[in-house]
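A short worksheet on the structure shown next.
Protein chains: 2
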Amino acid sequence: MSFFERLGDRIEAADSVLSVGLDPDLSRLPEWLDSDLPRWAFNRRVIDATAEYAACYKPNAAFYEDSDGWRALQETVAYAHGKGVPVLLDAKRGDIGNTARQYARLLDTVDAITVNPYLGGDSLQPFLEREEKGVFVLCRTSNPGGRDFQSLSVGNGVPLYEYVARRVAEWSRGNAGLVVGATAPEELEDLREAVDLPFLVPGVGAQDGNVEAAVEHGLAEGVGLVNSSRGVIFAGEGAGGEGDYFRAVGTAARRTKQRLNEYR
Amino acid sequence: MSFFERLGDRIEAADSVLSVGLDPDLSRLPEWLDSDLPRWAFNRRVIDATAEYAACYKPNAAFYEDSDGWRALQETVAYAHGKGVPVLLDAKRGDIGNTARQYARLLDTVDAITVNPYLGGDSLQPFLEREEKGVFVLCRTSNPGGRDFQSLSVGNGVPLYEYVARRVAEWSRGNAGLVVGATAPEELEDLREAVDLPFLVPGVGAQDGNVEAAVEHGLAEGVGLVNSSRGVIFAGEGAGGEGDYFRAVGTAARRTKQRLNEYR
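Which chain is which? The protein sequence lines are A and B, in order.
Sequential numbering of the first sequence, starting at 62, is according to the numbering used here.
Sequential numbering of the second sequence, starting at 62, is according to the numbering used here.
Structure follows, in structure tokens:
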């Protein structure tokens, strides 16, 4: 069964296309969180509060890049799986040959990964060869600098991001998706016309992207993900204590899910 | 003092532009290496055997992406520093805003890093703001797929990799370099004419790139790096035991340094 088939089942079961970004920035974790592995302790409570609303969890690897971090990530992935929720590692990796194969081993642990296309087709192959896993390739990112290189015309008025999208569609073995930011709604629409791959759409939370466009164009036959990270996991900031904090996190996830469902 | 000034001093002291890639693939480590942290045990012996010939060490992050791996990496960096050799983390990271700032904290540990330009200028800023550190931006990579996107013409016949090079030169605060593969010697020459940034040139070992072009075009006012990874660190494969293994590693480093010096 392919990742996108499994994701489709999960979307149906949870009635949700919400990806919850697990970015446990150590400087923002509540101080009452007393643990040897605070990122794991935090993520576990976030998962308890949000699992029924989540189509998937998306930890960003940047927040786990140390010895304790990798332990916290392993625990987090196992716990999410125990709740029946798939995990997409937002790693944005890209390397060549030998080293790309090494990075692809991250897929032993998670269900899907994000990768960077700059190094070309052979850098993506070790990921795409894992046919039962999902591979989301960066296409048009949600940051202001996303246009610096991605929007350059590479001939006949085709921007680089669209060219990347078309090549990825050729290389896909039914397991490739694209990362397309919600901050560029016209480009989302153009890309949806160009390819029928599922999209992962970040940028609807703290980055204030276009929710309607994210849902309308992000899904391919109903399968795709719209992500919110800080808008969900830190929704309890300012709450009185642990109980209030994670109630607010759960509420934020439920409301975000419902807001997305208005456009499905 | 900037990274490139420090690297220049090291190049002079060691009379070497050799970057030794520390890619301790667990499946290739000698079986007699008995340790709780085999990657650290291996790297320590490689450093002992090669420090006098190395301008810098370049661990590739892909080989350290687990809990023990990050511990091995920390030990390795401290040990290299103890020998007076700078460390360049080959991470090829690239992310946005909040997350890019998190990745930039990897520079707390090492002297320089490689990054991926696809996400544009604002994704590079958190790295470039660290003016005392070095930031090598992927430009023209050494793999066959490097041309899939990097060689696309983005107007007036300028390939994307050259456009990236020129933008990075604008954004540099005296701390940016470029990654340019030795497998594309004409492109190395064109890029050297386009910008005066130092290059990190991989691909002269296992990938059989052009050594003369790597040295002739890779250096900017004598500063730059030419990397060999597997060609050095696994040079002892087939040797009888530990002593022979690391003698062969040391010999490979010395010979590679000398081969590079023929063209300096």
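All residues carry an ideal CB built from backbone N, CA and C; glycine is no exception.
Because the structure is a prediction, the values reported are computed rather than measured.
When you compare the CB positions of residue i and residue j, do they come within less than 8 angstroms of one another, or not?
i      : j      : result
S214/A : I157/B : no
V326/B : T175/B : Since the displayed chain B opens at 62 and closes at 325, residue 326/B lies outside it and no answer follows.
P187/B : V148/B : no
F260/A : G235/A : no
A266/A : G292/A : A quick correction: the sequence has Gly, not Ala, at residue 266/A. Contact flag set, yes.
A116/A : S77/A  : yes
W232/B : G195/B : no
N271/B : G155/A : no
S212/B : L199/B : no
V146/B : Y118/B : yes
G207/A : L180/B : yes
A38/A  : L185/A : The requested residue 38/A is not part of the displayed model; chain A covers only 62 to 325.
A102/B : K144/B : no
E193/B : F65/B  : no
N104/B : L83/B  : yes
V287/A : A300/A : no
V81/B  : F210/A : no
Y114/A : A141/A : no
At the 8 angstroms Cβ level, is residue i part of the contact set with chain A, yes or no?
i      : result
W93/B  : no
E126/B : yes
G155/B : yes
P99/B  : no
D169/B : no
G279/B : no
T244/B : no
A123/B : yes
G158/B : yes
L199/B : yes
R132/B : yes
P85/B  : no
Y324/B : no
Y224/B : yes
Return the CA-CA distance between residue i and residue j, expressed in angstroms with no decimal places.
i      : j      : result
A296/B : L252/B : 32 angstroms
G302/A : D151/B : 42 angstroms
L321/B : E73/B  : 14 angstroms
A314/B : S289/B : 9 angstroms
E223/A : R227/B : 23 angstroms
I108/A : G283/A : 24 angstroms
A243/B : D127/B : 31 angstroms
E273/A : E248/B : 44 angstroms
R106/A : F307/A : 7 angstroms
G216/B : E250/A : 25 angstroms
D172/B : M62/A  : 45 angstroms
V310/A : P99/A  : 17 angstroms
G279/A : R201/B : 32 angstroms
L90/A  : W131/B : 22 angstroms
I294/B : A122/B : 16 angstroms
E277/A : R325/A : 7 angstroms
G69/B  : E92/A  : 45 angstroms
T312/B : A110/B : 8 angstroms
T317/B : G304/B : 20 angstroms
K153/B : R166/B : 14 angstroms
R191/B : A281/B : 21 angstroms
A245/B : P205/B : 10 angstroms
Quick one: is residue i near chain B, going by C-beta distance under 8 angstroms?
i      : result
Y179/A : yes
D332/A : This structure gives no information on residue 332/A, because the portion of chain A shown stretches from 62 to 325.
D209/A : yes
R275/A : Note on residue identity: the sequence assigns Ala, not Arg, to residue 275/A. With 8 angstroms as the cut-off, A275/A does not count as an interface residue toward chain B.
L286/A : no
T202/A : yes
G145/A : no
A139/A : no
Y164/A : yes
S184/A : yes
V215/A : yes
L221/A : yes
G206/A : yes
Y118/A : no
Pull the bridge partners of residue i from the DSSP assignment, please.
i      : result
N288/B : S80/B
V262/A : V287/A
T175/B : F197/B
V241/B : R201/B
V148/A : Y118/A
P220/A : S214/A
R154/B : V176/B
A75/B  : DSSP, once it has assigned bridges, lists no residue as partnering A75/B.
A281/B : V284/B
Under a CB-based cut-off of 8 angstroms, is residue i close to chain C?
i      : result
R227/A : Protein chains in the displayed structure are A and B, and chain C is not among them.
Using 8 angstroms as the threshold, is the stretch 127-139 of chain A in touch with the stretch 153-167 of chain A, meaning 3 or more CB pairs across them? no
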